[in-house]
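Participant: Structure in structure tokens, see below.
Residue numbers (the working numbering): 5 to 343.
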């Protein structure tokens, strides 16, 4: 663990945004979209497994071993957090670590669409989906939402997540954090929760908990790892036994879906969060009910292209993101390499 910490510290000093561990290869770092393999020994599968075991709690490590991909965020020190994404296959193990300087943002600083603020401020029940690629730090916008709720509303908020980085300081609201494995409908109902946040939905059981909560009048916010709005909806649908019934349920309960994209600028040496919120109005409800998901319009590509025109980013900065957003055939798990 000490060697790992030294490597992360060195990577921070080198202004690296990512550190990669791949079985049977030396570690690599990413600086300004350039991958550089370090002059170190090759890491065996056992070496990488030991790193994973040292980073995660025993419970999360057992969960991680049973999944092909696992994402969590841990505090490295008082200044930095590590977003850890672990991918397993029969051939190798990868660890992708994104190094993030700790910041808490307000919704206005993030330029989050006003429609999302309206959705969480209203007393209506329903489902809000927050989606984006696994390494795009969706917890940043969730913390901003929690800050907004905490400062302006008297709510009882339950958060279920494997991450320990979510906002927990109470003000007007009561905010409680539990491990994702503790998400249970009866427990939530007995707590008289107003808002429930479910991080990293990956199972039918968790989706059932979300639906049950919405049905009794709770506002539920779920985080889904997906590269586009359509993929996020498809992923949610896959957790239901029947596609038609899932489409009807989703169209009835869904308040809106927000896509988050995180882009690093090679020119300006900084990063930017981009958002697109799609409100589930009658038109979107009809498209979902009629299984015409491809017709749901997302403005993210236009937003990115306008930033390119204004020389805020180069095409190279956003090439993979644009490709993923444009592709209508493949899901994230079988799409571009994590690099």
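All C-beta atoms, glycine included, are put in the ideal place defined by N, C-alpha and C.
1. So within the segment 217-252, which uninterrupted beta strand (DSSP E) runs reach at least 3 residues, ignoring any that extend past its ends?
2. Can you say whether residue 422 is buried or exposed, counting buried as having 16 or more other CB atoms within 10 angstroms of its CB?
3. Beta-carbon within less than 8 Å of residue 128's beta-carbon, same chain only, minus the 5 sequence neighbours each way: which residues are those?
4. Using 8 Å as the threshold, is the C-beta distance between residue 212 and residue 138 below it?
5. By Cβ distance below 8 Å, which residues in the same chain neighbour residue 207 in space, the five residues on each side in sequence not counted?
6. Relative to the C-alpha of residue 153, which residue among 178, 283, 325 and 282 is closest?
7. Apart from the five residues just before and just after residue 334, which ones in its own chain have a Cβ nearer than 6 Å to its Cβ?
8. My assumption, with CB atoms under 8 Å, is that residue 27 sits in contact with residue 47. Please give the rounded CB distance.
9. Quick one: Cα of residue 55 to Cα of residue 5, how far?
10. When you compare the segment 308-315 with the segment 146-161, are there three or more beta-carbon pairs, one atom per stretch, that lie closer than 8 Å?
11. Is the beta carbon of residue 101 sitting closer than 8 Å to the one on residue 23?
12. Could you tell me which residues DSSP puts in a beta bridge with residue 40?
13. Using three-state DSSP, classify residue 213 as helix, strand or coil.
14. Assuming residue 295 contacts residue 251 (C-beta within less than 8 Å), just tell me the rounded distance between them.
15. Roughly how many angstroms lie between the CA atoms of residue 320 and residue 308, to the nearest whole one?
Facilitator: To lay it out plainly:
1. 223-229
2. Given that the chain is displayed from residue 5 to residue 343, the structure contains no residue 422 and the question cannot be resolved.
3. Taken in chain order, the residues that qualify are 223 and 259.
4. no
5. Residues 243 of the same chain have their beta carbon placed closer than 8 Å to that of residue 207, with the five preceding and five following residues left out of the count.
6. Nearest C-alpha to residue 153: 178.
7. In this prediction, residue 334 has a pLDDT of 48, which is less than 50 and means its spatial position is unreliable; what the coordinates show is noted afterwards. So no residue of the chain qualifies.
8. 6 Å
9. 7 Å
10. no
11. yes
12. 33
13. helix
14. 6 Å
15. Rounded to whole angstroms, the separation of the alpha carbons of residue 308 and residue 320 is 12 Å.
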